[in-house]
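Residue numbers (the numbering used here), protein chains in the order written: chain Z, 469 to 650; chain V, 18 to 450.
We put the beta carbon where it would ideally sit given N, CA and C, even for glycine.
Inspection log for the structure reproduced underneath, given as C-alpha cells.
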C-alpha cells in the first residue's frame, strides 16, 4: 500500500471584494472533501478520495511556509489583476529547475493582490521555500482574475458565479495528479 | 556656498508599512532628516469610541498582523485597570505564553529575513537564503513554532480571537500544550544557535547616547507588567506615562512622533532597551549565552539590536518551555466583572518596544475615549536623530549607497509603520467666502 499523496490547497486572500476568491474556492473544495470523507458523494470523483487533501486559508503568502512539511503537491489559489475577463482562471506550474528564468517571470508578470508589509509576495515565498529546500515537488498556482478590490466592496457577480466551477477545475487537477502518482 | 545634496529613499523596503526618507545636506553638514511616513492614517482610536469594551481586544488586534497580541493584551490590561479586575496566576502565565509566541515569530522573521540580509549585502531574505539555507530554514522553523503557540492559545496565528477582558474565552487542554514541548526543546537550542550566528556578523562601529525606556518587573523579564524605567533614571507607573511623554504632529509623517515632555528629547524603545534595562531578568540560559557571545552591557549600537532580539528569542523559548511543562488546564478561564465607569491604562512590551494604551470607559461598558501609542511612533524621532549622527560617517559614498546605509539603520529598529499611523492631527482652516 502506498502512502496517499499529500496535497495542500491554500487560498490566499482578504475580505476585500474579489480578493476573497482564493478563500471561497478552497472553502468549496473543503466542503467537497468533507462530503467525500463522509461518503455522501456518489459516485466518488476518481482518485480524489485516495488523496490526502489538506485545505487552508491564508491572509499572506508567507503563512505557506509553515504548512509545507511532507506536502508532495501544493496548489495555491489567489486573485490577480489581468487583461482577461473577470473570473478567468490561469494555471501556472512552478518549475524548480527554471525558477530563476521563465517560470518565475511568468509568476511575476501577473499582478497578484499583494499583502501589505514585508514585501513577500507569492513568488518570493516560493523562491524562499526553494532556497531552503522546503518546496514541494509539485507546485501549481491558480491565478483568478478579479475586478473589484476596494475595502468596502463585495465579491463581484462573475466571481460569485464561478466559484464552484473554479473549484471543480482544481479538483480535477488534484484527481489527475493523485491518479498519476498511484 | 556649500553644495546642497539631497538623498531620497522613496519607499523603505523590508519594513512593515509604507514610508520613505528625505535627507538634506549642505556640504558635509546634515541640515534636515525626515523619516517620511505617508501611509494613510488608520483612526483606530476613533473606531473604538462607542464600542463595547468586549469588542476592543479583537479590534485592536487588527492594528498589526505581526504583533496583534501586544495590541489586544495592552487593551485588555488597560480595561482591567479601569474596572479594578484582578486575574488569576494561571491566566497571567498563559498570557505570558502568548507573548512568548509573538516575540518568537516576530523576532525570528525580522532577524532572518528582514535584517540579516543587510550584513551580507543581500537585497532580500530570498537572496540570503540561497547563501545560508540552513540558517534561514532554522529561522523559518522558529517563526513557525512561535505561530503554533499563537494558534493553540489564540485560535489562530494572525489576529488571535481567544483573548478577552478578564482572561481567555477558553483555556487550552493540558494535552494541547504538552504536545508542543518537543518542538520548543528544539526551539531553545535553535534560538541559541541563531543568536550565536547573528552575533558573529560584522557590525558597524557606531554608538548613540540613548535614553532607553522599557518596562521593568521585580521578578521577571518584562512582557506585560512592570514599572516604566529608563537609563536616565525614570521609574514611573503606567498612569504617569502621559505626564512624562507626549505626542506631536510633524508635517512629513502621518504617524505622531513622541518625545520626553520635559526637555522635548527623543528616546529609544525596543529589544535593545529591554535587554539593557533587564539583563538580570533574562533566563539563566539567556544570560549565559549573552556572556559567551560578549554582548556588551549596556549596548548602544543600534545595529546590534539583532543580537538583542536573538537573546529575547532564547528567553521566550526558555520561558515558554517552562510554562508548557507546568501547565494544567484551569477553570474558570476568565474572571467575571461588572461594568464600572473609569479610566484605565497599561504599558506592555510589544516585540518592537513599549506600547501604551489608555481607555475611558462608561458605566454601560462602552469606550468613551482611547489613546494608543505604538513603539514605532515613539522611535521615529530617535531614528531621525540616529541618522543625523550616522550620516557624516557614510557621506563619502555615492547617493545610492548612502541611501542603502540609511535604510539599514532604520531597519535595525524593525519599524512597523502600519501600526504607527494610528492618528492624524487634522487642522481645518476656514476662510471667509
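- Across the structure, residue 604(Z) and residue 162(V) are spaced so that their CA atoms are roughly 20 Å apart.
- DSSP places residue 60(V) outside both helix and strand once states are collapsed to three, so it counts as coil.
- Residue-level contact by beta carbon holds for residue 534(Z) and chain V, with a gap shorter than 8 Å.
- When C-alpha distances from residue 341(V) are compared across 65(V), 85(V), 104(V), 191(V), the shortest belongs to 191(V).
- In the DSSP assignment, residue 401(V) falls outside any beta strand (DSSP E) and within the unbroken alpha helix (DSSP H) covering 392-411.
- Counting C-beta pairs closer than 8 Å gives three or more between the segment 325-338 of chain V and the segment 298-305 of chain V, which meets the contact rule.
- Between residue 323(V) and residue 429(V), the CB-CB gap stays under 8 Å.
- Nearest C-alpha to residue 320(V) among 245(V), 424(V), 351(V), 207(V): 424(V).
- In the DSSP annotation of this structure, the continuous segment of the alpha helix (DSSP H) that includes residue 648(Z) starts and ends at 625-649.
- For residue 335(V), the uninterrupted alpha helix (DSSP H) segment begins and ends at 322-343.
- Exposed is the label assigned to residue 625(Z), since fewer than 16 other Cβ atoms lie within 10 Å of its Cβ.
- Judged by DSSP in its simplified three-state form, residue 144(V) adopts helix.
- Neighbours of residue 143(V) across chain Z, judged by C-beta separation under 8 Å: 592, 595, 596, 599.
- Along the segment 354-371 of chain V, none of the residues has a CB nearer than 9 Å to a CB of chain Z.
- The DSSP-derived three-state label of residue 267(V) is coil.
- DSSP links residue 184(V) through a beta bridge to 181(V), 351(V).
- Looking at the DSSP output, residue 274(V) bridges to 265(V).
- Within the model, the alpha-carbon separation for residue 292(V) versus residue 152(V) is close to 24 Å.
- Between residue 338(V) and residue 175(V), the C-beta spacing is not below 8 Å.
- Excluding residues up to 5 positions away in sequence, 496 lie with their Cβ nearer than 8 Å to the Cβ of residue 632(Z) in the same chain.
- Residue 527(Z) belongs to the set of residues whose beta carbon lies under 8 Å from a beta carbon in chain V.
- As for any alpha helix (DSSP H) of minimum length 4 sitting wholly inside the segment 152-237 of chain V, the runs are 191-195, 198-216, ordered along the chain.
- Residue burial annotation: residue 113(V) is buried, with at least 16 other C-beta atoms found within 10 angstroms of its C-beta.
- For residue 150(V), the chain Z residues whose Cβ falls inside 9 Å of its Cβ are 599, 600, 601, in order along the chain.
- The beta-bridge partner set that DSSP reports for residue 53(V) consists of 37(V).
- Look at the segment 160-176 of chain V: the residues with a C-beta under 7 Å from a C-beta of chain Z are 161, 164, 175.
- 126, 130, 131, 141, 142, 143, 146, 147: these are the residues of the segment 114-148 of chain V whose beta carbon lies less than 8 Å from some beta carbon of chain Z, given in chain order.
- When Cβ-Cβ separations below 8 Å define contact, residue 82(V) makes contact with chain Z.
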